[in-house]
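**Q**
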Amino acid sequence: MAESANKIMKESKANNMPPEISIVSTMYRSQSFLERFLAECLQAVSEIECNDFEILLINDGSPDNSLAYALTRRSDIPQLAVVDLSRNFGHHHAIQAGLRHARGNLVFLIDCDLEVSPLVLTDFYRKLRESDCDMVFGYQEARKGGWFEQITGNLFWKGFNFLSDIKIPENIITERIMTRRFVEALLQMGDRNLFLGGMMSWTGFHQIGLPVIKKQRGGQSTYTIARRIGVMVNAVSSFSAQPLIWLFNTGVTITLLSFLLAFYLVLRKLLFDDALIGFTSVMTVMTLSLGIMTTAIGLVGIYLGKVFNQVQNRPTYIVKDIYR
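The sequence shown begins at 368 in my numbering and counts up by one.
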């Protein structure tokens, strides 16, 4: 199998033909996972009887020896390619780099932390072939982790779908397989503020979900509630102006209610010579108004920040080296 795969790979390179499938993953503090990850990748492509493939690892500024280990494995895995980014740009930007450098007719995206085994490639591949779709995405039927992770995760997806114009299947995960035309369409998007889950849903085409069981890693989740809120704010503001519309509607409603209240107070004064007074009520209204104004300014600031990042037109990542 290995000799046959190496021979086919050399012929493909000589003919400048793309491989049948690219397995793309990012590396950040991933050294302890890579040996088993690569072994299972090779087993997976063997099970789908694919001899022409590539494994593409994106080093997202990993501070451990992930890059060094990956480079040493290139001697015994000729199909392994590594893209080394100049620094840590973040998970979604590293994924974008992987999609842009992947050469395969099919692209299988997976995290290398082994929460999902590369062996699921067989299920994704068969589902894609059976359904003749453009993307098969993985999702969790039941979220892993403790009560905090489950509750905050569910709130994230429900909150996003409630606030955004783009609806995303809940509990989707990184793992998915895509056709070349889907990847090319996705890469046409010029977004600088990346939220790939929303971008992939926006791209369209025929998409099908596949339930996947994620394993629980040891230790606490790195996604605190503050970080989850930040991710949701970034995701919603990247894909919908709905919050601004709601803000405008709220402002109009408060203005109308204020006019009605003022009209009522004037009538009460003229007809009954009675004016409502009260320090508590006045301070409550002032505090509420100040809170709404501050929130409005902050919301507009978030969108202005997005526009600022977009018009700067900086690259979303910078490649330091490519090893093929």
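Ideal placement from N, C-alpha and C gives every residue a C-beta, glycine not left out.
1) Tell me which same chain residues have a C-beta within less than 8 Å of the C-beta of P610, skipping the five on either side of it?
2) Are the CB atoms of D501 and F572 within a distance shorter than 7 Å?
3) Would N395 be called buried (16 or more neighbouring beta carbons within 10 Å of its own) or exposed?
4) Just to confirm my understanding: we take N680, look at its own chain, exclude 5 residues before and 5 after, and list those with CB closer than 8 Å. What are they?
5) Under 8 Å by Cβ, that's how I've got R691 and L554 pegged, so tell me the actual separation to the nearest angstrom.
6) Distance, Cα to Cα, M566 vs M384?
7) Between I596, T546, M660, T661, which lies nearest to P386 when the distance is taken from Cα to Cα?
8) Check the Cβ-Cβ distances between G571 and every residue of chain D, and say whether any is below 7 Å.
9) When the distance is taken between beta carbons, is V483 closer than 7 Å to K581?
10) Quick one: residues in its chain with C-beta nearer than 7 Å to the C-beta of R470, no 5 flanking neighbours on either side, listed in chain order?
11) Just the Cα atoms here: how many angstroms apart are D427 and E414?
12) How would you call I425, buried or exposed, if buried means at least 16 neighbouring beta carbons within 10 angstroms?
13) Return the residue from the list V600, S498, W613 that minimises the CA-CA distance to K525.
14) Quick test of your reading: L563 and T683, contact by CB under 8 Å. State the CB separation rounded to the nearest angstrom.
15) In this structure, does DSSP put A469 in helix, strand or coil?
16) Consult DSSP for G565 and reduce its assignment to one of helix, strand or coil.
17) According to DSSP, is Q574 part of a helix, a strand, or is it coil?
**A** This is what the structure gives:
1) Excluding positions up to five away in sequence, the list reads L530, V603, S604, L666.
2) The beta carbons of F572 and D501 sit closer together than 7 Å.
3) Going by the sequence as given, residue 395 is Tyr instead of Asn. With at least 16 other beta carbons inside 10 angstroms of its own, Y395 counts as buried.
4) Here the set comprises R559.
5) Not quite, the Cβ-Cβ distance comes to about 19 Å (not below 8 Å), so this is no contact.
6) Rounded to the nearest whole angstrom, the CA to CA distance from M566 to M384 is 28 Å.
7) The shortest Cα separation from P386 among I596, T546, M660, T661 belongs to T546.
8) In the displayed structure, chain D is absent; only one protein chain is listed.
9) Cβ atoms of K581 and V483: closer than 7 Å.
10) Answer for R470: P385, P386, S389, E421, listed in chain order.
11) D427 and E414: Cα-Cα distance of roughly 29 Å.
12) Answer is buried; the Cβ neighbour count reaches 16.
13) For the set V600, S498, W613, the Cα lying nearest the Cα of K525 is the one of V600.
14) That pair is no contact at about 11 Å.
15) Three-state DSSP puts A469 in coil, outside helix and strand.
16) Three-state DSSP puts G565 in a helix.
17) When DSSP states are grouped into helix, strand and coil, Q574 belongs to the strand group.
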